[in-house]
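Notes follow the structure.
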Amino acid sequence: MKPKLLLAALLMSLTGFGNFELQSVAADAKSIWVTDYKKALETARAEKKAVLMDFTGSDWCVWCMKLKREVFDTPQFAQYAKTNLILLEVDFPNAKPQSDQLRKQNSELQRQFGVEGFPTIVILDPEGKVLGNAGYVPGGPQPFIEKMESIRTARR
25 MKPKLLLAAL
35 LMSLTGFGNF
45 ELQSVAADAK
55 SIWVTDYKKA
65 LETARAEKKA
75 VLMDFTGSDW
85 CVWCMKLKRE
95 VFDTPQFAQY
105 AKTNLILLEV
115 DFPNAKPQSD
125 QLRKQNSELQ
135 RQFGVEGFPT
145 IVILDPEGKV
155 LGNAGYVPGG
165 PQPFIEKMES
175 IRTARR
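Residue numbers (this note's numbering): 25 to 180.
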């Protein structure tokens, strides 16, 4: 009886480690987003990466929340983003507090990039030139990553 118990404990611990790793990558996905446009461009130039700007209504826009849940919060997207993108959240929340400076920056970015609906994704090269844009892409992280990759690499 003891070997079965030992095997069960071993299997549960291995499953737990795999789950921990996925949770860790998903937590990283949340922590790699920035909100400062100038700093995002500086980092993009230094690291030679594109900037993904997510124009979102994070606490009221149903499609924005769906995009976040189905794509941005996944380990697969986090891994892709770490290698290829600087992630900039340009948020227009109803209830989440924001500094006056952040609200002003986000409104200026909305005007500058002609954003009229949410979610809108704008991809910039490291110098701030628009490479392309997108909205919600159905199907989870892989179709979204493929769309971002086609935009990111189209003009090279």
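Note that CB positions come from ideal geometry on N, CA and C, so glycine has one too.
In the structure shown, I169 adopts helical secondary structure according to DSSP, grouped into three states. Restricting attention to beta strand (DSSP E) runs no shorter than 3 residues, the segment 46–130 encloses them at 74–80 and 109–115, ordered along the chain.
Beta-carbon to beta-carbon, W57 and L91 are separated by about 13 Å, too far to satisfy the 8 Å threshold. Short of 7 Å from the beta carbon of N108, and not among the five residues preceding or following it, lie these beta carbons of its own chain, in chain order: K73, A74 and R176. Beta-bridge partners of A158 (DSSP): I145. T98 places its beta carbon 7 Å or farther from that of P162.
Ranked by how close their Cα comes to the Cα of A105, the residues Q125, P117, L76 and A119 have L76 in first place. In the three-state reduction of the DSSP assignment, E132 falls in the helix class.
Short of 7 Å from the beta carbon of Y61, and not among the five residues preceding or following it, lie these beta carbons of its own chain, in chain order: L112, Q129 and L133.
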